[in-house]
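Colleague:
This is how it looks when you write it as structure tokens:
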């Protein structure tokens, strides 16, 4: 698995987008699959907009989930982004 | 049935059976739908709305060649307006940049472009048409517009030797995703299966090429390999289970649980001109026929894998064992597995004799049955 650089700016790859906000269950739509997004995963994906760096996403979620261990939040996010990158759902600019 | 029926997630919309190609393994039925019986733009637009209400997330516009429908851009707009993810499964012709711009503006999410070979000559032999140069242009245009791109190489014994070149071509083009998909043995491909099935040895070699490609391309191109299930130990979860995930519409609006279900004897299918998608999914006899576990023979009903492969493919059970309610003969637990092994043994023998004659006089042209076009 590839590990994302904290300074890179992830954005959704061509062919991938979030489902519309009107639907109760948000999903990441991609070729031949759809990924259900729960609270944290949705918050991560919403920040994969080509503006946030990986480091900023980590910091923002560490604040939001201040009861969780910061190192655990970071490693979870890096793992999640790395997997999505390998699935070609994300580009790292 | 005790467990609740899940809503469908994917609509496969076979817009037309017209196609500029004549591939010898076409997944369309041998009986093709005529143009005058194709659904209208208005009916498709209504159906796309019903699909979204039913919980469907994605629509695959396919055919035949979906670009043969002049109203394709309108249908993509209708899909997006309904909130669906719109994917086009195409040979890439007839298409120019102007039309691609229109499709892109209409909100087409993903473009799946088929390739019949790595080279012009081999592709022409399989498809019965000259298409390779056009496909290379189309791939470039799609990339320039930053649309999602999948390349789909359809593979079989005749072109498996080109697999390395196919990987190289995919690498040059640089899509997000590439599929190397062995032909599935239904319809025209079932007719031509003795010419199309690879040998066990060829298949093993191809697995190694794919493994290396996956490793080298990780993070750049997602590589997927679909192997012929005749070589598998257990059957594939055909369509993710009958009436469980996918709803397929034929050009005339007949609703099927899978591409080939119309070969099954005694089945009648509802049509979207007379029934809503919701009624068809939840109430029609055809969608309920092999849904869940009630229909299963003892072997499947007591098998630990029943929730993974759902008894395999009904059409394959019919085509090979002449009983659509039996265990998929691909399954190594099935007493009918001998039917599959006999085919594979014939393929091996045939490939060996082909190899023996290839060195001396030129081998005779293969007696393909090229796919026809609807009248």
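Protein chains in written order, with our numbering: chain A, 1434 to 1526; chain B, 394 to 768.
Glycine residues also receive a C-beta, built at the ideal position from the N, C-alpha and C atoms.
#1: Using CA coordinates, which residue listed in 668/B, 558/B and 638/B is at the minimum distance from residue 436/B?
#2: Does the stretch 567-582 of chain B come close enough to the stretch 615-623 of chain B that 3 or more CB-CB pairs lie under 8 Å?
#3: For residue 550/B, collect the residues of the same chain with a Cβ closer than 8 Å to its Cβ; drop the 5 residues on either side in sequence, then sort them by chain order.
#4: Excluding the 5 residues flanking residue 521/B on each side, which residues of the same chain have their C-beta closer than 6 Å to its C-beta?
#5: Identify whether residue 525/B lies in helix, strand or coil by the three-state DSSP scheme.
#6: Say whether the stretch 483-491 of chain B touches the stretch 503-517 of chain B, bearing in mind that this needs 3 or more beta-carbon pairs closer than 8 Å, one atom from each stretch.
#7: Where DSSP assigns a beta bridge to residue 438/B, which residues make up the other side?
#8: Could you check if residue 1483/A is buried or exposed, using at least 16 other CB atoms within 10 Å of its CB as the buried criterion?
#9: So, helix, strand or coil for residue 406/B, using DSSP?
#10: With a threshold of 8 Å between beta carbons, is residue 1460/A in contact with chain B?
#11: Which residue's Cα is closest to the Cα of residue 544/B: 524/B, 554/B and 567/B?
#12: At the level of alpha carbons, what is the spacing between residue 493/B and residue 535/B?
#13: With a CB to CB cut of under 8 Å and the five nearest residues on each side skipped, what residues in its chain are close to residue 757/B?
#14: Determine the DSSP secondary structure at residue 1520/A, reduced to helix, strand or coil.
#15: Residue 494/B CB to nearest chain A CB: under 8 Å?
#16: Taking only the alpha-carbon atoms, compute the straight-line gap between residue 1511/A and residue 1474/A and give it to the nearest angstrom.
#17: Under 8 Å between the Cβ atoms of residue 430/B and residue 645/B?
#18: Taking the alpha carbon of residue 702/B as the point to measure from, which residue in 445/B, 627/B and 713/B has its own alpha carbon closest?
#19: Of all the CB atoms in chain A, is at least one closer than 8 Å to the CB of residue 675/B?
#20: Could you tell me the boundaries of the beta strand (DSSP E) in which residue 477/B lies?
#21: According to DSSP, which residues form a beta bridge with residue 1443/A?
#22: Which residues, in order along the stretch 698-709 of chain B, keep a beta-carbon less than 8 Å from a beta-carbon of chain A?
#23: Report back the beta-carbon spacing between residue 555/B and residue 597/B to the nearest angstrom; my notes put them in contact at under 8 Å.
#24: Could you run through the stretch 474-493 of chain B and flag, in chain order, every residue whose CB is less than 7 Å away from some CB of chain A?
#25: In this structure, how does DSSP classify residue 684/B when only helix, strand and coil are distinguished?
#26: Roughly how many angstroms lie between the CA atoms of residue 446/B and residue 602/B, to the nearest whole one?
#27: Can you give, in chain order, each stretch of the alpha helix (DSSP H) that sits fully within the stretch 590-631 of chain B and has at least 4 residues?
#28: If residue 611/B sits next to residue 1464/A, beta carbons under 8 Å apart, how far is it from one beta carbon to the other, in whole angstroms?
#29: Compare the Cα-Cα distances from residue 455/B to each of 438/B, 464/B, 442/B and 480/B and report the closest residue.
#30: Is any beta-carbon of chain B found at less than 8 Å from that of residue 1501/A?
#31: Roughly how many whole angstroms lie between the Cα atoms of residue 516/B and residue 558/B?
#32: Ignore the nearest five residues each way along the sequence and tell me which others in residue 682/B's own chain have a CB closer than 6 Å to its CB.
#33: For residue 582/B, tell me which candidate among 684/B, 408/B and 422/B has the shortest Cα-Cα distance.
#34: Per DSSP, what kind of secondary structure is residue 455/B in: helix, strand or coil?
#35: Quick check on the burial criterion: 16 or more other C-beta atoms within 10 angstroms. Buried or exposed for residue 458/B?
#36: Got a sec, what are the start and stop residues for the alpha helix (DSSP H) residue 548/B sits in?
Modeller: The relevant details are as follows:
#1: Within the second chain, numbered from 1, the residue matching residue 436/B stands at position 43. Looking at the Cα atoms, 668/B is the closest of the given residues.
#2: yes
#3: Position 157 of the second chain, counted from the first residue, corresponds to residue 550/B. For residue 550/B, the CB contacts under 8 Å within the same chain, skipping 5 residues up- and downstream, are 588, 589, 590, 591, 592, 595, 740 and 744 in chain order.
#4: Taking the second chain and counting its residues from 1, the one referred to as residue 521/B is at position 128. 415 and 763.
#5: Locating residue 525/B in the second chain gives position 132, where the first residue counts as 1. The answer is helix: DSSP assigns residue 525/B an H, G or I state.
#6: Enough Cβ pairs lie closer than 8 Å, so yes.
#7: In the second chain, counting from the first residue as 1, residue 438/B sits at position 45. Here residue 438/B is not bridged, per DSSP, to any residue.
#8: Position 50 of the first chain, counted from the start, is the residue given in the question as residue 1483/A. It counts as exposed.
#9: Translated into positions along the second chain, residue 406/B becomes position 13. Of the three classes helix, strand and coil, the one that applies to residue 406/B here is strand, per DSSP.
#10: By 1-based counting over the first chain, the position of residue 1460/A is 27. Residue 1460/A counts as touching chain B.
#11: As a first step, residue 544/B must be located in the second chain, where it is residue number 151. Checked all of 524/B, 554/B and 567/B; the closest Cα to residue 544/B is 567/B.
#12: One-based indexing of the second chain puts residue 493/B at position 100. One-based indexing of the second chain puts residue 535/B at position 142. Rounded to whole angstroms, residue 493/B to residue 535/B spans 8 Å at the Cα level.
#13: Indexing the second chain from 1 puts residue 757/B at position 364. Bear in mind that the predicted position of residue 757/B carries a pLDDT of just 44, short of 50, making it unreliable; the figure below should be weighed with that in mind. Excluding residues within five positions, none has a Cβ falling inside 8 Å.
#14: Taking the first chain and counting its residues from 1, one reaches residue 1520/A at position 87. DSSP, read as helix, strand or coil, puts residue 1520/A in coil.
#15: Translated into positions along the second chain, residue 494/B becomes position 101. Not a single C-beta of chain A is nearer than 8 Å to the C-beta of residue 494/B.
#16: One-based indexing of the first chain puts residue 1511/A at position 78. One-based indexing of the first chain puts residue 1474/A at position 41. Going from the Cα of residue 1511/A to the Cα of residue 1474/A covers about 12 Å.
#17: Sequence index remark: in the second chain, residue 430/B carries index 37 (1-based). Sequence index remark: in the second chain, residue 645/B carries index 252 (1-based). Yes, these two residues count as a Cβ contact at 8 Å.
#18: Position 309 of the second chain holds residue 702/B. Ranking the options by Cα distance to residue 702/B, first place goes to 627/B.
#19: As a first step, residue 675/B is located in the second chain; it is residue number 282 there, counting from the start. Cβ-Cβ to chain A under 8 Å: no for residue 675/B.
#20: If you number the second chain from 1, residue 477/B lands on position 84. Taken as a continuous stretch (DSSP letters only), residue 477/B belongs to no beta strand (DSSP E), as it is neither H nor E.
#21: The residue you call residue 1443/A lines up with position 10 of the first chain. Paired residue(s): 1525/A.
#22: none
#23: Against the second chain, residue 555/B aligns to sequence position 162. Against the second chain, residue 597/B aligns to sequence position 204. Residue 555/B to residue 597/B, Cβ: 17 Å. No contact.
#24: 476, 478 and 480
#25: Along the second chain, read from residue 1 onward, the residue named residue 684/B stands at position 291. Reduced to three states, the DSSP call for residue 684/B is coil.
#26: For the purposes of this step, residue 446/B is taken as residue 53 along the second chain, with counting starting at 1. For the purposes of this step, residue 602/B is taken as residue 209 along the second chain, with counting starting at 1. If I take the Cα positions, the gap works out to 43 Å.
#27: 593-610
#28: Counting from 1 along the second chain, the entry for residue 611/B is found at position 218. Counting from 1 along the first chain, the entry for residue 1464/A is found at position 31. Not really, about 17 Å apart at Cβ, beyond 8 Å.
#29: In the second chain, residue 455/B corresponds to position 62, counting from 1. The shortest Cα separation from residue 455/B among 438/B, 464/B, 442/B and 480/B belongs to 480/B.
#30: Position 68 of the first chain, counted from the start, is the residue given in the question as residue 1501/A. Chain B contact via Cβ: absent.
#31: Stepping through the second chain from its first residue, residue 516/B is reached at position 123. Stepping through the second chain from its first residue, residue 558/B is reached at position 165. Whole-angstrom Cα-Cα distance: 13 Å.
#32: Mapped onto the second chain, residue 682/B falls at position 289. Cβ within range, chain order: n/a, list empty.
#33: Walking along the second chain from the start, residue 582/B turns up at place 189. Residue 422/B is the option with its Cα nearest to residue 582/B.
#34: Locating residue 455/B in the second chain gives position 62, where the first residue counts as 1. Strand at residue 455/B.
#35: For the purposes of this step, residue 458/B is taken as the residue at position 65 of the second chain. Per the 10 Å Cβ criterion, buried.
#36: Mapped onto the second chain, residue 548/B falls at position 155. Here residue 548/B belongs to no alpha helix (DSSP H); instead the beta strand (DSSP E) covers 541-548.
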